[in-house]
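This report concerns only the one structure given below.
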Amino acid sequence: MLPHDTSLLGVLWLVQSLHEKWQRKRTASLECCAAQVRYSRRKQKAPMDHRTKGFTLIELLVAIAILLVLLTLAVPAFTRSTQTTRADTEIADLRRALNFARLEAIDRGNATRVRPTAGADAWNGELAVYDGTGVLANVLRVIPAMSSGATLTLTSGVTAIDFNSMGGLSSPSSQVVISYGRGTQSRALTVCLNGRILLGGSCG
Numbered sequence: 072m073l074p075h076d077t078s079l080l081g082v083l084w085l086v087q088s089l090h091e092k093w094q095r096k097r098t099a100s101l102e103c104c105a106a107q108v109r110y111s112r113r114k115q116k117a118p119m120d121h122r123t124k125g126f127t128l129i130e131l132l133v134a135i136a137i138l139l140v141l142l143t144l145a146v147p148a149f150t151r152s153t154q155t156t157r158a159d160t161e162i163a164d165l166r167r168a169l170n171f172a173r174l175e176a177i178d179r180g181n182a183t184r185v186r187p188t189a190g191a192d193a194w195n196g197e198l199a200v201y202d203g204t205g206v207l208a209n210v211l212r213v214i215p216a217m218s219s220g221a222t223l224t225l226t227s228g229v230t231a232i233d234f235n236s237m238g239g240l241s242s243p244s245s246q247v248v249i250s251y252g253r254g255t256q257s258r259a260l261t262v263c264l265n266g267r268i269l270l271g272g273s274c275g
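In this note's numbering, the protein residues as written are 72 to 275.
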């Protein structure tokens, strides 16, 4: 090969190398531009996506208003339900205690007594069933005091309820009406002369 041919090949190789470098730089530049365009598009779309996923102030206020309305309706209903349940439970416990005293009088063939443990007029407090009407009578059962807010009133002048050996009411000499109150709830028990304990009824 002639010397000038060798020089020509060197020039061609140099041109080809420069061309390849230029192609690589051009490709890298295009990729960089494309990446910048994609980033710019994502950046432009980001606020729109954030707005679609969040809540506006009006939507938040509407949600709070609905929640307040629901709470306004739910709280009184829950309070009434609680008062109703507590009233039913307490009046049922008292009725069972009176029936227990009556049955004990029949079984023992001896008078039994139901009265407050703290004093003659403290019917809201703790009550007890005794196996007799005397001072030395033994306690057969204790009825817990009424819950806070509950009231229990009896026919005027009644300090104790006595059942005779036949299960009838021996003292007082007339029927006893026991009135229970708790908030808007009210219940009534009637102890008849024959010893029956009626819930909200009349002895007839």
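The beta carbon of each residue, even a glycine, is placed where N, CA and C say it ideally should be.
Under the three-state DSSP convention, the category residue i falls into
i, result
"aspartate 192", "coil"
"threonine 277", "Since the first and last residues shown for the chain are 72 and 275, residue 277 lies out of range."
"alanine 105", "helix"
"threonine 222", "strand"
"glutamine 256", "strand"
"arginine 267", "coil"
"serine 250", "strand"
"serine 273", "coil"
"serine 111", "helix"
"serine 242", "strand"
Straight-line Cα distance separating residue j from residue i
i, j, result
"threonine 226", "alanine 182", "21 Å"
"leucine 240", "asparagine 209", "20 Å"
"lysine 96", "glutamine 107", "16 Å"
"arginine 166", "arginine 173", "11 Å"
"aspartate 120", "glutamine 256", "Note on aspartate 120: pLDDT 49, under 50, position unreliable in the model; the coordinate value appears next. Cα to Cα, the separation comes out at about 55 Å."
"arginine 212", "alanine 148", "35 Å"
"proline 74", "glutamine 94", "With a pLDDT of only 46 at proline 74, under 50, the local geometry of the prediction cannot be trusted, and no value is derived from it."
"serine 273", "threonine 261", "7 Å"
"phenylalanine 171", "aspartate 202", "11 Å"
"asparagine 265", "valine 146", "44 Å"
"leucine 207", "leucine 142", "55 Å"
"isoleucine 268", "alanine 136", "50 Å"
"threonine 204", "valine 140", "57 Å"
"serine 111", "lysine 92", "29 Å"
"threonine 224", "valine 247", "10 Å"
"alanine 231", "threonine 156", "27 Å"
"glycine 275", "arginine 151", "32 Å"
Residue burial classification, residue i (beta-carbon count within 10 angstroms, cutoff 16)
i, result
"glutamate 175", "buried"
"isoleucine 129", "exposed"
"arginine 253", "buried"
"glutamate 197", "exposed"
"phenylalanine 126", "exposed"
"valine 200", "buried"
"leucine 144", "exposed"
"alanine 105", "exposed"
"arginine 109", "exposed"
"proline 178", "Contrary to the premise, residue 178 reads as aspartate rather than proline in this sequence. Exposed: under 16 other Cβ atoms inside 10 Å."
"glycine 238", "buried"
Cβ-heavy atom distance, residue i to the ligand ZN, below 8 Å
i, result
"alanine 193", "Among the components of this structure there are no ligands whatsoever, and the ligand ZN is therefore not found."
Please specify which runs of the alpha helix (DSSP H), each continuous and at least 4 residues long, are wholly inside the segment 124–201, giving them in chain order.
With a minimum length of 4 residues, the continuous alpha helix (DSSP H) runs that stay inside the segment 124–201 are 128–179.
Touching or not, the segment 209–221 and the segment 153–164, by the rule of three or more beta carbon pairs under 8 Å?
Yes, the segment 209–221 touches the segment 153–164.
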